[in-house]
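In what follows, a single structure is set out as structure tokens and then discussed.
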């Protein structure tokens with residue numbers, strides 16, 4: 001692993017000064033090769049799938065693991081989209097002249113070496129490699145053992161694409177080892193690894209956060225709220241509350257708790273109750289909620305803290321904005337929270353006072369996503385405050401150094 | 001400590017929404033109180049000094065510990081300067097309209113709770129409290145046991161100033177305990193502490209980096225380089241090389257190794273040798289350096305890795321820009337490195353390819369400083385790449401959350 005780390009560090013230095021053209025050429029070649037080598041990748045994937053079935057892995061995992069010609073096409077498309085994004089590296093900003101005569105500004109630079117630890121989806125191999133390559137970072141990828149063959153087949157395409165573009169082949173290294181010791185080492189080599197990004201379930205993220213001796217961009221729970229304010233437009237409120245919960249149940253930006261101002265409850269809750277009932281969403285409400293929705297089960301303290309990732313919704317009636325903000329800052333996982341209101345001042349207060357990675361006015365929490373935000377793609381969503389919050393794209397994979405331009409100035 | 005952490009978290013929430021006027025009022029009151037209470041602070045400091053002398057602490061430490069009326073005045077001035085800086089909190093930027101109709105941008109927000117662990121200088125208590133307060137962060141300050149009385153006297157002024165401005169008194173908590181266990185706890189409460197900043201010697205920083213389970217803004221060595229390029233203006237080169245080494249010996253942005261292009265060595269080294277000799281700087285050179293400066297001791301591999309913090313300079317003759325950049329990226333501590341050249345293309349390459357927190361052209365490394373960069377003040381200098389590099393001011397104590405403004409959009 002030390003040797004692998006040293007190779008990544010050396011490749012990272014080369015990549016940091018690579019020009020945009022070379023990086024894009026590698027990405028376009030990678031996209032081509034994924035399509036050309038589709039049959040080899042699918043064959044490797046079939047082998048992984050066979051072993052996964054033999055090991056009785058569950059249906060959800062098998063679905064994430066499986067590649068199809070369409071999924072490979074989508075992977076290639078994703079890589080082409082990253083090529084089309086502007087290159088953040090080298091951008092200089094804010095070059096201010098100082099009284100001493102020096103000019104001081106910042107230049108955006110890669111972080112260096114990024115470790116990615118992920119679970120069953122083989123498409124992460126191509127996605128993560130593409131984002132790191134474009135942002136000038138070397139990558140060490142460690143996928144799930146169940147996707148081993150698929151990942152190696154994709155890794156071969158990446159390696160060839162790097163070589164064809166004249167970039168160091170070690171810029172993207174896919175760990176072939178399947179033991180946990182390699183992960184442990186990856187997490188504890190600050191001399192070679194600048195940041196680790198775990199992509200997977202809570203168990204994986206918690207393991208990485210616990211053991212890492214390098215910075216981690218981590219994504220824990222997504223307990224997202226929509227608050228329907230006293231001055232909400234009812235139609236918008238209904239549309240957002242339904243969309244935020246039901247457009248997809250398993251995503252981190254799905255609403256898990258709906259807060260309703262007491263004055264809006266009589267108008268909003270019965271109608272929402274009918275819609276959720278039709279969509280088979282199980283409701284759990286506070287006592288005041290259950291006056292309007294007797295079919296809701298009583299919500300417990302535990303419900304306010306739960307990321308259901310399922311057709312279940314907790315509902316609480318609150319007295320005004322302060323109570324709503326207090327509930328959110330107490331129970332939210334600081335992922336994404338939205339207010340529905342026509343009131344200007346309360347909208348501004350919600351934006352300022354809710355301490356979450358994404359804070360919204362009159363929009364569905366489902367918009368918290370790299371593509372929707374215009375990042376092009378995301379390497380993950382951070383629920384930390386340090387370095388990057390929310391969807392992390394190319395910029396989140398970079399840092400800024402200071403540049404000073406002088407004419408011989410001394411102090 | 002848990003209780004103290006919970007108080008800091010609650011105070012941080014209040015402070016995050018405090019308006020600039022209240023924060024500035026607290027800062028101006030603090031500056032006033034420091035001056036009014038100068039006699040009480042000096043008395044506390046005299047007690048610390050007595051104990052320090054009884055414990056035979058060395059002269060350098062005694063100098064850092066000692067307060068004088070002038071030093072208290074300077075402390076008050078520093079606090080007033082922070083009050084005069086623009087408030088970064090709440091600034092919204094880059095509000096782009098997306099194809100979906102939502103408007104997406106970023107708002108600058110405090111990190112939350114900042115832990116500062118520092119050694120003997122009592123002025124850090126006021127400096128750090130002021131910067132954290134202005135950036136909307138609650139602070140837990142843990143100074144050196146030798147400055148205990150002085151820090152408590154300053155802490156009292158801070159507490160009163162917060163109360164007078166109607167801000168939570170727990171926004172700045174100065175640990176009265178002097179045991180190491182409190183530090184250990186401070187480093188391992190991610191639920192209450194968002195970042196820890198150690199300010200002190202290498203031992204302290206290494207201890208914090210080793211034990212922290214929260215993010216750390218850390219400053220390790222300052223092994224800074226000046227490279228005199230083949231196309232350097234000789235006059236600028238001499239001025240910068242002398243200033244970078246000799247203006248102050250003990251600071252982290254002092255040059256420790258001078259690199260000279262082979263073609264410049266015959267002109268630059270003899271003259272520099274004369275000046276350094278007059279200033280009593282001990283020289284250690286590579287073989288080629290010693291041809292021009294026979295009085296220089298032979299430099300060893302160890303010299304390239306050493307932060308002397310003393311009137312000692314390592315000198316190496318190199319063949320061109322690539323060799324200089326290679327030396328810097330191999331041996332520099334990624335703090336501050338400067339090229340002296342009139343060559344446009346080599347200047348651009350140096351800026352791009354040297355991977356240090358501050359990269360300079362034709363300026364003394366001594367400029368790497370929060371005041372010189374226009375940050376107004378610095379809470380520290382980061383040699384990390386994650387979150388913040390180089391001098392860390394108010395902005396480095398903040399993060400950005402996403403804001404989304406919609407009109408009822410759903411996905």
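Residue numbers (UniProt numbering), protein chains in the order written: chain S, 1 to 411; chain C, 1 to 411.
Every residue, glycine too, gets a C-beta built ideally from N, C-alpha and C.
Proximity winner among the options, relative to residue i (alpha-carbon distances)
i, options, result
"residue 107 of chain S", "C:370, C:378, C:410 and C:349", "C:349"
"residue 2 of chain S", "S:90, S:224, S:363 and S:182", "S:182"
"residue 85 of chain C", "C:51, C:371 and C:249", "C:371"
"residue 229 of chain C", "C:173, C:187 and C:347", "C:347"
"residue 117 of chain S", "S:222, S:207, S:388 and S:165", "S:207"
"residue 273 of chain C", "C:131, C:176 and C:297", "C:297"
"residue 380 of chain C", "C:153, C:251 and C:28", "C:251"
"residue 165 of chain S", "S:358, S:7 and S:21", "S:21"
"residue 217 of chain C", "S:83, S:387, S:28 and S:150", "S:387"
"residue 364 of chain C", "C:351, C:389, C:337 and C:374", "C:337"
"residue 390 of chain C", "S:99, S:105 and S:11", "S:105"
"residue 192 of chain C", "C:82, C:113 and C:399", "C:113"
"residue 160 of chain C", "C:26, C:98, C:361 and C:376", "C:26"
"residue 204 of chain C", "C:238, C:120 and C:248", "C:120"
"residue 353 of chain S", "S:376, S:373, S:393 and S:329", "S:329"
"residue 158 of chain S", "S:214, S:127 and S:343", "S:127"
Cβ pair residue i, residue j closer than 8 Å
i, j, result
"residue 243 of chain S", "residue 335 of chain S", "no"
"residue 40 of chain S", "residue 76 of chain S", "no"
"residue 134 of chain S", "residue 87 of chain S", "yes"
"residue 279 of chain S", "residue 306 of chain S", "no"
"residue 314 of chain S", "residue 271 of chain S", "no"
"residue 67 of chain C", "residue 122 of chain C", "yes"
"residue 258 of chain C", "residue 281 of chain C", "no"
"residue 129 of chain S", "residue 139 of chain S", "yes"
"residue 430 of chain S", "residue 175 of chain S", "With chain S running from 1 to 411 in the structure shown, residue 430 of chain S is simply not present."
"residue 341 of chain S", "residue 231 of chain S", "yes"
"residue 402 of chain C", "residue 358 of chain S", "yes"
"residue 162 of chain C", "residue 137 of chain C", "no"
"residue 28 of chain S", "residue 102 of chain C", "no"
"residue 376 of chain S", "residue 82 of chain S", "yes"
"residue 240 of chain C", "residue 410 of chain S", "yes"
"residue 42 of chain S", "residue 52 of chain S", "no"
"residue 220 of chain C", "residue 356 of chain C", "no"
"residue 415 of chain S", "residue 212 of chain S", "In the structure displayed, chain S extends from 1 to 411; residue 415 of chain S sits before or after that span and is not available."
For residue i, the first and last residue of its enclosing beta strand (DSSP E)
i, result
"residue 225 of chain C", "224-228"
"residue 312 of chain S", "312-318"
"residue 363 of chain C", "358-363"
"residue 261 of chain S", "255-261"
"residue 403 of chain S", "398-409"
"residue 118 of chain S", "113-118"
"residue 382 of chain C", "380-382"
"residue 4 of chain S", "It is not in any beta strand (DSSP E) - residue 4 of chain S instead sits in the alpha helix (DSSP H) that spans 2-17."
"residue 97 of chain C", "92-97"
Residue i: first and last residue of the uninterrupted alpha helix (DSSP H) it sits in
i, result
"residue 290 of chain S", "287-292"
"residue 274 of chain C", "265-278"
"residue 127 of chain S", "123-134"
As assigned by DSSP and simplified to three states, the class of residue i
i, result
"residue 189 of chain S", "coil"
"residue 82 of chain S", "helix"
"residue 250 of chain S", "coil"
"residue 338 of chain S", "strand"
"residue 295 of chain S", "coil"
"residue 108 of chain S", "strand"
"residue 139 of chain C", "strand"
"residue 325 of chain C", "helix"
Heavy atom of the ligand COA within 7 Å of residue i beta-carbon
i, result
"residue 409 of chain C", "Absence of the ligand COA from the depicted structure is noted, as is the absence of any ligand whatsoever, leaving it without description."
Contact list for the segment 353-381 of chain C against chain S, Cβ threshold 8 Å: Correct list: 353, 355, 356, 357, 358, 359, 360, 361, 362, 363, 364, 366, 367, 368, 372, 373 and 374.
Chain S contacts made by the segment 389-408 of chain C, where a contact means CB separation under 7 Å: Of all residues in the segment 389-408 of chain C, 389, 390, 399, 400, 401, 402, 403, 404, 405, 406, 407 and 408 have a Cβ within less than 7 Å of some Cβ in chain S.
Chain C contacts made by the segment 178-206 of chain S, where a contact means CB separation under 7 Å: Against chain C - using a Cβ distance shorter than 7 Å - the residues of the segment 178-206 of chain S are 194 and 195.
Positions along the segment 224-246 of chain S whose CB lies within less than 9 Å of some CB in chain C: Taking 9 Å as the Cβ-Cβ cut-off against chain C, the residues of the segment 224-246 of chain S that qualify are 233, 235, 236, 237, 239, 240, 242, 243 and 244.
Selection of the segment 145-176 of chain C by Cβ proximity to chain S, strictly under 8 Å: Using a CB distance below 8 Å, no part of the segment 145-176 of chain C faces chain S.
Selection of the segment 11-24 of chain C by Cβ proximity to chain S, strictly under 8 Å: Correct list: 13, 16 and 17.
Residues in the segment 208-220 of chain C having any Cβ partner in chain S nearer than 8 Å: Those residues of the segment 208-220 of chain C that come within reach of chain S (Cβ to Cβ, closer than 8 Å) are 215.
Residues of the segment 92-105 of chain S whose Cβ lies closer than 8 Å to any Cβ of chain C, in chain order: Result list: 96, 98, 100, 102 and 104.
Proximal residues, the segment 104-130 of chain S versus chain C, C-beta separation under 8 Å: Among the residues of the segment 104-130 of chain S, those with a Cβ less than 8 Å away from any Cβ of chain C are 104, 107, 109, 111 and 112, in the order of the chain.
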